[in-house]
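Right, one structure below, let's go through it.
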Amino acid sequence: MSQMQNQAAPVKSNSQYDVIIIGAGASGLYCALTAGRRGRRVLVLDHANKAGKKILMSGGGRCNFTNYFVEPEHFIGANQHFCKSALSRYPSWEFIGMVEAHKIAYHEREHGQLFCDDSAQDILTMLLDECSAVGVQVKLNAQVESVQAIENDKNARFELLTTKQLSKKEKQERKESGNQTKLPQTGYRCESLVVATGGLSIPTMGASGLGYELAQQFEHTLVATDASLVPFTFTDKTGELIRALAGISLPVIASNERISFKLPVLFTHRGLSGPAMLQLSNYWQIGETISINLLPNIDMTMLFLAHKKSHPRQLIRTVLADYTDSALPKKLLAALQTHLWDDIKDTELANIKDERLTELGTTLNGWQLKPSGTEGYRTAEVTRGGVKTNEVSSKTMQSSFQDGLYFIGEVLDVTGWLGGYNFQWAWASGFVCGEVV
Ligand code: FDA
Numbered sequence: 001m002s003q004m005q006n007q008a009a010p011v012k013s014n015s016q017y018d019v020i021i022i023g024a025g026a027s028g029l030y031c032a033l034t035a036g037r038r039g040r041r042v043l044v045l046d047h048a049n050k051a052g053k054k055i056l057m058s059g060g061g062r063c064n065f066t067n068y069f070v071e072p073e074h075f076i077g078a079n080q081h082f083c084k085s086a087l088s089r090y091p092s093w094e095f096i097g098m099v100e101a102h103k104i105a106y107h108e109r110e111h112g113q114l115f116c117d118d119s120a121q122d123i124l125t126m127l128l129d130e131c132s133a134v135g136v137q138v139k140l141n142a143q144v145e146s147v148q149a150i151e152n153d154k155n156a157r158f159e160l161l162t163t164k165q166l167s168k169k170e171k172q173e174r175k176e177s178g179n180q181t182k183l184p185q186t187g188y189r190c191e192s193l194v195v196a197t198g199g200l201s202i203p204t205m206g207a208s209g210l211g212y213e214l215a216q217q218f219e220h221t222l223v224a225t226d227a228s229l230v231p232f233t234f235t236d237k238t239g240e241l242i243r244a245l246a247g248i249s250l251p252v253i254a255s256n257e258r259i260s261f262k263l264p265v266l267f268t269h270r271g272l273s274g275p276a277m278l279q280l281s282n283y284w285q286i287g288e289t290i291s292i293n294l295l296p297n298i299d300m301t302m303l304f305l306a307h308k309k310s311h312p313r314q315l316i317r318t319v320l321a322d323y324t325d326s327a328l329p330k331k332l333l334a335a336l337q338t339h340l341w342d343d344i345k346d347t348e349l350a351n352i353k354d355e356r357l358t359e360l361g362t363t364l365n366g367w368q369l370k371p372s373g374t375e376g377y378r379t380a381e382v383t384r385g386g387v388k389t390n391e392v393s394s395k396t397m398q399s400s401f402q403d404g405l406y407f408i409g410e411v412l413d414v415t416g417w418l419g420g421y422n423f424q425w426a427w428a429s430g431f432v433c434g435e436v437v
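What follows is the structure, given as structure tokens:
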């Protein structure tokens, strides 16, 4: 996107709105319906061919739309305090109230997570119905070509130019017919412009960097972005071990120096996934080690040393065999043996030094792993980082540099934990913004 690009293309109209929201995702639609209820004339623009694509794919198709227990501690960002105001003004029961009013059946899963009984489509339909009830217009396939602040219009602060986002087929047809004419542009003017373009994760679902580009155009600073709530990958020997165990899931304590989570880990063909890993990824930087307590309910060093006294002729695998049904799958035990104590696998406990047993116990209660990276934006649920929140009002989401410009949702440097927190942030930031635009 550039302010100069496509200047020669014809401009069709100059429709005027009170509010234009770029992004028909979770935060954009919530902001739209809130502003629409106040009688504002709202247009939502999206370059995708469908609104709310991420809502539809969320929560395995059942949308974990919020959480009973929402605290500022469930969010990360350079300014930890930024999210507090919006979250307290729009608590999760507000959204639950709307879900109930629309008679959408839902259920609670562990840790207060709320999911639709049937389909994420119910949430999207609810948002679109609420928008249409208050006259919000949603225009899809709209590629934003430029955004400019204007000064000579007492009813508008911004002018936008869009072109039609062509489908793959249409692009191909244009190419084949040798059509090189510029696509006609549509012009819009608005008093308030809301950037709700989300993050960079899952580019195939419409993610783009437009929100960050607009932030920079208006002199905002970006906190470095990275894929988050994302599985870890491994390239070394550990990677081979992990891949060989694909499919195994077990409850662990996953931690680093900053945080720990008692949740399941899942071994996959690409690395380590599951809730424990996704949560930890929010707090992980490249090059750092993570620690996995494979038997969180047992002090393994104490157990080995006690068994050495009481059953000196036992082997390590025999001690651990007691736990293979409950905590440690047999396949994992066999692989760990090859990886961690192959040299003493047939040695009786009596003949293994206490130091070695202590070392092994410590490893089982805190397996140190160094991920080579993550699966990246291709599979990440969210983007960490984004528009620096110190430059945005926490009460209204308005830019500190440009009157009438707002940022909401994931484009901001606010990232929630797994468990419905990212949607809760989208609804809450969309709501407080929709109240003032
Ligand atoms: P969102 O991504 O929803 O919307 C942004 C919109 O902007 C999109 O419609 C996009 O097409 C549009 N856009 C982007 N660039 C544009 C451009 N250049 N021009 C015009 N439009 C543009 N969270 C949670 O709380 N519970 C859950 O169950 C899940 N599950 C989940 C699963 C998967 C697979 C993913 C990828 C993500 C989740 N999330 C989640 C995260 C959640 O989906 C996410 O945090 C919110 O959708 C963010 O809302 P936003 O409105 O900020 O962006």
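Each residue of the sequence shown is one higher than the one before, counting from 1 in the UniProt record's numbering. Glycine is no exception: its CB is placed at the ideal position from the N, C-alpha and C atoms.
In DSSP terms, what residue i is bridged to
{"i": "glycine 373", "result": "Thr233"}
{"i": "glutamate 159", "result": "Gln148, Arg189"}
{"i": "alanine 142", "result": "Lys164"}
{"i": "serine 399", "result": "Val392"}
{"i": "valine 134", "result": "For valine 134, which the question treats as bridged, DSSP gives no partner whatsoever."}
{"i": "threonine 415", "result": "Ile76"}
{"i": "isoleucine 20", "result": "Leu43, Leu193"}
{"i": "threonine 66", "result": "Leu114"}
{"i": "leucine 405", "result": "Leu193"}
{"i": "arginine 109", "result": "Gln113"}
{"i": "serine 15", "result": "Tyr188"}
{"i": "leucine 99", "result": "According to the sequence as given, residue 99 is valine; it is not leucine. None; valine 99 has no bridge partner."}
{"i": "arginine 174", "result": "According to DSSP, which records beta bridges pairwise, arginine 174 is partnered with nothing at all."}
{"i": "valine 387", "result": "Leu222, Leu412"}
Residue i burial status per 10 Å Cβ neighbour count (16 or more: buried)
{"i": "residue 443", "result": "Outside the modelled stretch of the chain, which goes from 1 to 437, sits residue 443, for which no answer is possible."}
{"i": "phenylalanine 431", "result": "buried"}
{"i": "threonine 221", "result": "exposed"}
{"i": "serine 132", "result": "exposed"}
{"i": "residue 440", "result": "This structure cannot settle anything about residue 440, because the visible part of the chain is limited to 1 through 437."}
{"i": "proline 231", "result": "buried"}
{"i": "cysteine 293", "result": "The sequence given here has asparagine at residue 293, not cysteine. So asparagine 293 counts as buried."}
{"i": "aspartate 342", "result": "exposed"}
{"i": "methionine 302", "result": "exposed"}
{"i": "arginine 378", "result": "exposed"}
{"i": "arginine 89", "result": "exposed"}
{"i": "arginine 62", "result": "buried"}
{"i": "alanine 426", "result": "buried"}
{"i": "histidine 269", "result": "exposed"}
{"i": "threonine 374", "result": "buried"}
{"i": "glutamine 279", "result": "buried"}
{"i": "histidine 107", "result": "exposed"}
{"i": "proline 203", "result": "exposed"}
{"i": "arginine 40", "result": "buried"}
{"i": "aspartate 413", "result": "buried"}
{"i": "asparagine 64", "result": "buried"}
{"i": "proline 312", "result": "exposed"}
{"i": "aspartate 118", "result": "exposed"}
{"i": "glycine 385", "result": "buried"}
{"i": "glycine 361", "result": "buried"}
{"i": "glycine 420", "result": "buried"}
{"i": "lysine 103", "result": "exposed"}
Residue closest to residue i, alpha-carbon to alpha-carbon, out of the options
{"i": "isoleucine 76", "options": "Leu229, Glu110, Thr374, Glu288", "result": "Leu229"}
{"i": "valine 411", "options": "Pro296, Glu359, Ile242, Asp226", "result": "Asp226"}
{"i": "leucine 160", "options": "Thr379, Ile20, Thr347", "result": "Ile20"}
{"i": "alanine 120", "options": "Val136, Val99, Lys139, Val138", "result": "Val99"}
{"i": "glycine 199", "options": "Asp322, Ser208, Glu191, Val134", "result": "Ser208"}
{"i": "lysine 388", "options": "Glu288, Phe69, Ala78", "result": "Ala78"}
{"i": "phenylalanine 234", "options": "Phe267, Glu108, Leu250, Ala224", "result": "Phe267"}
{"i": "alanine 48", "options": "Val138, Pro72, Lys103", "result": "Val138"}
{"i": "lysine 164", "options": "Leu128, Leu45, Leu87", "result": "Leu45"}
{"i": "glutamate 219", "options": "Lys262, Thr197, Ala149, Lys84", "result": "Ala149"}
{"i": "asparagine 422", "options": "Ala215, Cys83, Val436", "result": "Cys83"}
{"i": "asparagine 179", "options": "Glu170, Asn141, Glu71", "result": "Glu170"}
{"i": "glutamine 113", "options": "Lys370, Ser58, Asp403", "result": "Ser58"}
{"i": "leucine 29", "options": "Arg38, Ser255, Gln16, Leu43", "result": "Leu43"}
{"i": "methionine 397", "options": "Gly419, Gly434, Leu241, Glu151", "result": "Gly434"}
{"i": "phenylalanine 69", "options": "Asn155, Leu127, His111, Ala142", "result": "His111"}
{"i": "proline 91", "options": "Asn67, Arg258, Ala334", "result": "Asn67"}
{"i": "isoleucine 55", "options": "Tyr17, Cys116, Ile22", "result": "Cys116"}
{"i": "arginine 189", "options": "Thr338, Ser15, Ser399", "result": "Ser15"}
{"i": "leucine 245", "options": "Leu272, Tyr283, Thr358", "result": "Leu272"}
{"i": "glycine 36", "options": "Asp122, Leu128, Ala51", "result": "Leu128"}
Start-end ranges of the alpha helix (DSSP H) lying completely within the UniProt domain "RsdA/BaiN/AoA(So)-like insert" (227–382), minimum 4 residues: Fully enclosed alpha helix (DSSP H) runs of 4 or longer: 237–244, 275–281, 300–310, 316–321, 330–340, 354–364.
Entirely enclosed alpha helix (DSSP H) segments - the region 201–229, minimum 4 residues: For the region 201–229, whole alpha helix (DSSP H) runs of length 4 or above, ordered along the chain, are 210–217.
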